[in-house]
Amino acid sequence: MNFRKSLGYSWFVVIILFVFRSLHTADIFVISVVLQQILDEFDITYTSGGLIFTATFFMSVFLYPVWGYLSDRYSRKTLISLSGIIWGLTTWLNTASKTFTDFLITRTITGVDDTPPSTMNSLISDYFPPNSRGKPLGLISASAAFGALIGTVLGVVIGYVTGWRNLFYFTGGVGIVMALLVYFSVKDVPRGSSEPEFSDIKIKEDLYKINLKEFVSLIKKKSLLFLSLQGFFGVFPWQVLQAWIFTYMIGERGLDENLSMIIMLIWLLSMIVGNLVGGLLGDLFFRKNVKGRALVGAVAVFLSAPTLYITIMWPKNNVIGFIVAGTIASFILPMAGPNVSAAVTDISEPEVRSSADALLRIFEYGGSSAAPLISGVLADMYGLGLGILYISVSTWMICGVLFVMLAFVITKDVLEMRGKMAERAEKIKAIHLSQ
Numbered sequence: 039m040n041f042r043k044s045l046g047y048s049w050f051v052v053i054i055l056f057v058f059r060s061l062h063t064a065d066i067f068v069i070s071v072v073l074q075q076i077l078d079e080f081d082i083t084y085t086s087g088g089l090i091f092t093a094t095f096f097m098s099v100f101l102y103p104v105w106g107y108l109s110d111r112y113s114r115k116t117l118i119s120l121s122g123i124i125w126g127l128t129t130w131l132n133t134a135s136k137t138f139t140d141f142l143i144t145r146t147i148t149g150v151d152d153t154p155p156s157t158m159n160s161l162i163s164d165y166f167p168p169n170s171r172g173k174p175l176g177l178i179s180a181s182a183a184f185g186a187l188i189g190t191v192l193g194v195v196i197g198y199v200t201g202w203r204n205l206f207y208f209t210g211g212v213g214i215v216m217a218l219l220v221y222f223s224v225k226d227v228p229r230g231s232s233e234p235e236f237s238d239i240k241i242k243e244d245l246y247k248i249n250l251k252e253f254v255s256l257i258k259k260k261s262l263l264f265l266s267l268q269g270f271f272g273v274f275p276w277q278v279l280q281a282w283i284f285t286y287m288i289g290e291r292g293l294d295e296n297l298s299m300i301i302m303l304i305w306l307l308s309m310i311v312g313n314l315v316g317g318l319l320g321d322l323f324f325r326k327n328v329k330g331r332a333l334v335g336a337v338a339v340f341l342s343a344p345t346l347y348i349t350i351m352w353p354k355n356n357v358i359g360f361i362v363a364g365t366i367a368s369f370i371l372p373m374a375g376p377n378v379s380a381a382v383t384d385i386s387e388p389e390v391r392s393s394a395d396a397l398l399r400i401f402e403y404g405g406s407s408a409a410p411l412i413s414g415v416l417a418d419m420y421g422l423g424l425g426i427l428y429i430s431v432s433t434w435m436i437c438g439v440l441f442v443m444l445a446f447v448i449t450k451d452v453l454e455m456r457g458k459m460a461e462r463a464e465k466i467k468a469i470h471l472s473q
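Residue numbers for the sequence shown, in the working numbering: 39 to 473.
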């Protein structure tokens, strides 16, 4: 029988994956909230604190191509569930640390479970057609902000009351529960089943499998090159903000934990809305012109740098102004994200989308993994606020230029992909007619 997805179930899958990714992000983010406890317990500097994040990110990046390849070959829901089990077990292992060396090693191991969003993005792309993917991918992108929001609350409510170890016990247990939820509630779908060219074809299973020829053809595309290069620079600020913004508010602006948590909640809610609006705008402009997603991304990152600068430089005695400036920045900052994810699906064949997205993440996190460490060094030298600012503004400016360059080359790759899907559809129809 033909595989057809109801719109309601498609969004149900997106919501389940959103919850999974949000809680996984919360597990990653909580260390930022209780970092001061860890700095104090192990008597380490900002530089050593930055090393914790950088080492974990490097572990994740090292395994991204493995997760990407496996996701293009095997059941995506099973791999997502497996990552949840690993997430829970490695987080529990981290609680056994007695020295900073123990903590650094076990925290680095938690990077193993960080299957890139490519697995989820690939699965979602087979539930939604090309011109409707921005919205669900925007929701998945919003999981970063929502997860940070949850992580902030858990960090303050559990971490500050009972200590970071009990906090990690809790978030590790959540990973196990989410793994089971995904495994028993999400269905795998045939790769390519949502492509418009296949709308009147019965698809029972994956039509194509990843192969070396397709992958080599993919990495030669100029669009993927510019997507990867913008990602290399564009994620630097996110790594810095994720690692240090809570510590910055407490340590440098002199805000207490409760007020910092409230500010983070406001900003993170603004980020969630920004992700959704970014995805919506990307879909809207993509329908008018295939350059649309790239142009939305360019505008977003060019506006991100000045809004973050204004926020960090806002007078310390004006808390209300600081909150408002940060809320505006938080709305703009994430708008590029869902358009990058959707653009990858626009230019890549269904059977290589996980690998394509994983390749993008290697660029994104391969370079930016060092950002928390670099900003930690700058913080020890010049202060945490300037450390955040120097890295974020400079890299976003470069990222914006690369988005503009992407807009000039992406049309060819999108049209080429649609042509290839049309050729496949004709071949499959011919086979069906001959049977």
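For each residue, glycine too, the CB sits at the ideal point set by N, CA and C.
Shown here, residue 225 sits in coil according to DSSP, grouped into three states, outside any helix or strand. Per DSSP, the continuous alpha helix (DSSP H) segment holding residue 376 begins and ends at 374-385. Between residue 440 and residue 268, the CB-CB gap stays under 8 Å.
DSSP places residue 46 in the uninterrupted alpha helix (DSSP H) bounded by 45-71.
Under the three-pair Cβ rule at 8 Å, the segment 218-230 does not count as touching the segment 125-135.
By the neighbour-count criterion, in which 16 or more other beta carbons inside 10 Å mark a residue as buried, residue 257 falls on the exposed side.
For residue 258, no alpha helix (DSSP H) segment is defined, and its DSSP state is neither H nor E. Secondary structure at residue 352: coil, using DSSP grouped into helix, strand and coil. In terms of CA proximity to residue 172, 316 leads the group 136, 316, 305 and 362. Close CB contacts of residue 152 within its chain, under the 6 Å cut and outside five residues either way in sequence, are with 98 (chain order).
The three-state reading of DSSP puts residue 294 in coil, since its state is none of H, G, I, E or B. Restricting attention to alpha helix (DSSP H) runs no shorter than 4 residues, the segment 84-120 encloses them at 84-111, ordered along the chain.
Around residue 291, the same chain offers 354 as residues with beta carbons nearer than 7 Å, after the five sequence neighbours per side are excluded. Taken in chain order, the complete alpha helix (DSSP H) segments of 4 residues or longer contained in the segment 118-191 are 138-147 and 156-163.
At the C-beta level, residue 205 and residue 197 come within 8 Å of one another. Residue nearest to residue 409 within the set 50, 191 and 95 is 95 (criterion: CA-CA distance). Taking the Cα positions, residue 348 is about 7 Å away from residue 363. Close CB contacts of residue 427 within its chain, under the 8 Å cut and outside five residues either way in sequence, are with 346, 347, 350 and 351 (chain order). In this structure, the beta-carbon distance from residue 68 to residue 189 falls below 8 Å. Cβ atoms of residue 264 and residue 444 come within 8 Å of each other, at about 4 Å. The three-state secondary structure of residue 233, taken from DSSP, is coil.
The C-beta separation of residue 184 from residue 101 comes to about 24 Å, leaving the pair out of contact by the 8 Å criterion. Shortest Cα-Cα distance from residue 416 to any of 301, 430 and 103 involves 430. Its chain contains 334 as the residues whose beta carbon lies nearer than 6 Å to that of residue 319, once the 5 sequence neighbours on both sides are disregarded; these appear in chain order. DSSP, read as helix, strand or coil, puts residue 313 in helix. Residue 451 sits in a helix when the DSSP states are folded into three classes. Segment contact: the segment 77-94 against the segment 137-147, three or more CB-CB distances shorter than 8 Å; contact assigned.
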